[in-house]
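The block underneath contains the structure these notes are about, expressed in structure tokens.
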Amino acid sequence: MTAAFLRVIPLGGLGEVGKNMTVFEIGDDRIVVDAGLAFPRDEHLGVDLVLPDFGYLRDRPGEVRPVVLTHAHEDHVGALPYLMREVQVPEVWATRLTLGLVKSKLDEHGLLRAAELREIDPEGDPLQLGPFRLEFVRMAHSIPDAVALVIETSAGRISTPSATSM
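Numbers 1342 to 1507, taken from the working numbering, label the letters of the sequence shown in order.
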């Protein structure tokens, strides 16, 4: 069996604080891990929020399978409503606390029913989403209910950053 070509596309959060968002893609199948924002610095006069560039997802055919959120800090979930306005997102997966906080954020933006919100059970079986098999690993972090991901594909296994870099 030939291994599929896996693309890892960071849309934010790489070499910067905030805007954590990474696309994992095999063919036309893609998942997004986190959808975070950054807060403006002093030199950003008049700017309220700094968002990742959603152009890569917006300009690609097909839909995002799910958005998977690792924890509820704004630099990991704050851009979700803005992403959902630009890209079709059928499902959002997160732990119970993260989902609870995200629900109120989506409700505030009028998007509560725009995607199916699904709860991750880190003690449960791995989740199979197309060519991606996701395993959730509980992590100690400054907010409860944080997880790291182990993503297994035919191209290999990847893990998301540890809680120390979240």
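C-beta atoms are modelled at their ideal positions from N, C-alpha and C, and glycine is treated no differently.
Member of the options whose CA lies at the smallest distance from the CA of residue i
i: residue 1429; options: 1387, 1407, 1435, 1469; result: 1407
i: residue 1425; options: 1481, 1447, 1501; result: 1447
i: residue 1401; options: 1350, 1463, 1492, 1496; result: 1350
i: residue 1418; options: 1431, 1399, 1445, 1405; result: 1445
i: residue 1398; options: 1353, 1462, 1459; result: 1353
i: residue 1414; options: 1404, 1388, 1358; result: 1358
i: residue 1453; options: 1474, 1416, 1423; result: 1423
i: residue 1375; options: 1366, 1486, 1433, 1368; result: 1433
i: residue 1371; options: 1389, 1409, 1380; result: 1409
i: residue 1458; options: 1368, 1365, 1436, 1481; result: 1436
i: residue 1368; options: 1382, 1387, 1405, 1491; result: 1405
Residues bridged to residue i (per DSSP)
i: residue 1289; result: This structure cannot settle anything about residue 1289, because the visible part of the chain is limited to 1342 through 1507.
i: residue 1487; result: 1480
i: residue 1500; result: 1491
i: residue 1363; result: 1351, 1374
i: residue 1456; result: Answer is none; residue 1456 lacks a bridge partner.
Alpha carbon of residue i to alpha carbon of residue j, nearest angstrom
i: residue 1590; j: residue 1348; result: Summary: the structure shown does not reach residue 1590, with the chain confined to residues 1342 through 1507, and so no result is reported for it.
i: residue 1345; j: residue 1403; result: 18 Å
i: residue 1411; j: residue 1487; result: 6 Å
i: residue 1464; j: residue 1443; result: 21 Å
i: residue 1381; j: residue 1450; result: 21 Å
i: residue 1485; j: residue 1387; result: 33 Å
i: residue 1503; j: residue 1478; result: Caution is warranted here: a pLDDT of 48 is assigned to residue 1503, below 50, making its placement in the model unreliable, and the coordinate value is therefore given only provisionally. Distance between the alpha carbons of residue 1503 and residue 1478 is about 10 Å.
i: residue 1499; j: residue 1441; result: 27 Å
i: residue 1489; j: residue 1393; result: 21 Å
i: residue 1480; j: residue 1469; result: 21 Å
i: residue 1483; j: residue 1493; result: 27 Å
i: residue 1427; j: residue 1396; result: 9 Å
i: residue 1461; j: residue 1383; result: 37 Å
Outcome for residue i when other beta-carbon atoms lying within 10 angstroms are tallied against a minimum of 16
i: residue 1377; result: buried
i: residue 1420; result: buried
i: residue 1385; result: exposed
i: residue 1355; result: exposed
i: residue 1472; result: buried
i: residue 1366; result: buried
Residues of its chain near residue i, where Cβ-Cβ distance is below 6 Å and the 5 sequence neighbours each way are ignored
i: residue 1379; result: 1359, 1360, 1391
i: residue 1416; result: 1359, 1361, 1377
i: residue 1373; result: 1364, 1405, 1408
i: residue 1389; result: none
Contacts around residue i, its chain only, beta-carbon distance under 7 Å, and the 5 residues preceding and following it disregarded
i: residue 1467; result: 1474, 1475, 1476
i: residue 1438; result: 1413, 1485, 1486
i: residue 1491; result: 1476, 1478, 1498, 1500
Cβ shell of residue i (< 8 Å), same chain only, five flanking positions each side left out
i: residue 1431; result: 1404, 1405, 1406, 1407, 1456, 1457
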